[in-house]
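K.L.:
Taken in order, the sequence shown gives residues 51 to 131; the numbers are from my numbering.
We treat Cβ as the ideally placed atom computed from N, Cα and C, and that holds for glycine.
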Amino acid sequence: MDVDPIVQTTAKSIDSFVEYGVLGSVTAICLCFIILLAWILIRQANSCFEGTKKVVDNNTEAVRELGVNTREALHGVQLAL
51 MDVDPIVQTT AKSIDSFVEY GVLGSVTAIC LCFIILLAWI LIRQANSCFE
101 GTKKVVDNNT EAVRELGVNT REALHGVQLA L
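Here you go:
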């Protein structure tokens with residue numbers, strides 16, 4: 051049984067369209083997953099950075115207080131001499 055070339059070409063076109071449609075859907079899902087994963091990693095890095103910033107701020111404040119206490123102690127020693 052011979053198939054009309056137009057029908058055969060149309061069938062191949064539809065088959066290719068479906069195949070590429072499925073591949074496109076899989077690609078889109080993979081891209082969404084990658085974007086979601088990147089967003090999660092960026093949020094984690096940002097929260098880690100905020101935690102590090104708080105530690106640095108606390109250490110800076112502690113050093114500042116140590117400097118004030120040292121200055122007051124030296125002033126007390128000068129007064130005692």
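Identify whether Leu131 lies in helix, strand or coil by the three-state DSSP scheme.
P.N.:
Correct three-state label for Leu131: coil.
K.L.:
Look up Asp65 in the DSSP assignment and say whether it is helix, strand or coil.
P.N.:
Reduced to three states, the DSSP call for Asp65 is helix.
K.L.:
Rounded to the nearest angstrom, what separates Val68 and Gln58 at their Cα positions?
P.N.:
Each residue's Cα considered, the two are about 15 angstroms apart.
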